[in-house]
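This report refers to the structure that appears directly beneath it.
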Amino acid sequence: PIFPLPLFWSLFDQLGSSWTFQAARTDSQILGVHILPDQMQVISPMLSLILIPLFDNILYPALDKIRILENPLRRMVCGGCIAGFAFLAAGYVELNLQGVYLTSQHTRLPKLTFINALPCTVSVVNDISYLDEMESGDILTYPNVTQGKYKNKKLISTCID
Numbered sequence: 278p279i280f281p282l283p284l285f286w287s288l289f290d291q292l293g294s295s296w297t298f299q300a301a302r303t304d305s306q307i308l309g310v311h312i313l314p315d316q317m318q319v320i321s322p323m324l325s326l327i328l329i330p331l332f333d334n335i336l337y338p339a340l341d342k343i344r345i346l347e348n349p350l351r352r353m354v355c356g357g358c359i360a361g362f363a364f365l366a367a368g369y370v371e372l373n374l375q376g377v378y379l380t381s382q383h384t385r386l387p388k389l390t391f392i393n394a395l396p397c398t399v400s401v402v403n404d405i406s407y408l409d410e411m412e413s414g415d416i417l418t419y420p421n422v423t424q425g426k427y428k429n430k431k432l433i434s435t436c437i438d
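Basically my numbering = 1-based index in the sequence shown + 277.
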């Protein structure tokens, strides 16, 4: 009975960010108007403002005359089913867009990153030789780290205690 409410609202909140993310990767022309991805967040409240008066003044009285969806509970169930189909449609679009998302092989390789937050120079050395030097605020990244390659690194600072 009350279980679907938190589930609905969590999906509803997620749907807004999904629309923005999906809109950035799709053709955003609707009836010849180019809609920016951030403007997708406005569409749902705007449709609510437009559709509520239309439903209250036109659709619901017409459905009452033909004895369909006469009480609010039936209308809520019907709306919940339509919302469920909307979530499924968003999931279907997301599955089709996953082939469009760029995944770089470089991002999947392990990296070793040092950030010098000290107000002085820091040297990165291993047991055999000097490797690199970082000034204050520098970031040093070793890409493609393999197991054991950077096992004996030491950081030596020029800061005076």
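Note that beta-carbon positions come from the ideal geometry of N, C-alpha and C, so glycine has one too.
Exercise for the section: To the nearest angstrom, report how far apart His311 and Asp304 are at their CA atoms. Expected result: Position 34 of the sequence shown, counted from the start, is the residue given in the question as residue 311. Position 27 of the sequence shown, counted from the start, is the residue given in the question as residue 304. Cα to Cα, the separation comes out at about 9 angstroms.
Practice task
State buried or exposed for Arg323, treating a residue as buried only when at least 16 other CB atoms are found within 10 Å of its CB.
Solution key: Your numbering for residue 323 matches position 46 in the sequence shown. Residue identity differs from the one stated: residue 323 is Met in this sequence, not Arg. Looking at its Cβ environment, which holds fewer than 16 other Cβ atoms inside 10 Å, Met323 is exposed.
Exercise for the section: For Val319, count neighbouring C-beta atoms within 10 Å of its own C-beta (all shown protein chains included) and say buried if the count is 16 or more, exposed if not. Expected result: The count along the sequence shown starts at 1 and reaches residue 319 at position 42. Its Cβ having fewer than 16 others within 10 Å, Val319 is exposed.
Exercise for the section: Verify the contact flag: Leu288, CB atom, against every heavy atom of the ligand ATP, threshold strictly below 7 angstroms. Expected result: In the structure shown, the ligand ATP is absent, as is every other ligand, since no ligand is present at all.
Exercise for the section: Along the alpha helix (DSSP H) that carries Leu325, what are the first and last residues, could you check? Expected result: Indexing the sequence shown from 1 puts residue 325 at position 48. The displayed chain sequence assigns Ser, not Leu, to residue 325. Here the alpha helix (DSSP H) through Ser325 covers Met317 to Leu331.
Exercise for the section: Verify whether the separation of the beta carbon atoms of Val422 and Asp409 is less than 8 angstroms. Expected result: Counted from its first residue, the sequence shown places residue 422 at position 145. Counted from its first residue, the sequence shown places residue 409 at position 132. No, the pair does not count as a contact, with Cβ atoms beyond the cut-off.
Practice task
Give the straight-line distance between the Cα atoms of Glu252 and Phe289, rounded to the nearest whole angstrom.
Solution key: This structure cannot settle anything about residue 252, because the visible part of the chain is limited to 278 through 438.
Problem - Neighbour-count burial assignment, Val354, 16 or more Cβ in a 10 Å radius - result: If you number the sequence shown from 1, residue 354 lands on position 77. Here Val354 is exposed. Its C-beta has fewer than 16 other C-beta atoms within 10 Å.
Practice task
Using the DSSP secondary-structure output, state which residues sit across from Ser434 in a beta bridge.
Solution key: The sequence position of residue 434 within the sequence shown is 157, counting from 1. Per DSSP, Val399.
Practice task
Can you tell me which of the three DSSP states Thr297 falls into?
Solution key: For this step, residue 297 is matched to residue 20 along the sequence shown. Here Thr297 sits in helix by DSSP.
Practice task
Let me know if Gln299 comes out buried or exposed under the rule of 16 or more other beta-carbons within 10 Å of its beta-carbon.
Solution key: Translated into the one-based positions of the sequence shown, residue 299 becomes position 22. With 16 or more other Cβ atoms from the protein chains shown falling within 10 Å of its own Cβ, Gln299 counts as buried.
Practice task
Following the continuous alpha helix (DSSP H) through Phe364, name the residue where it begins and the one where it ends.
Solution key: In the sequence shown, residue 364 corresponds to position 87, counting from 1. Element bounds for Phe364: Pro349 to Leu374.
Handout entry: Cα-Cα separation between Leu482 and Ala366, rounded to whole angstroms
Key = Past the boundaries of the shown model lies residue 482; the chain is included only from 278 to 438, so the question cannot be answered.
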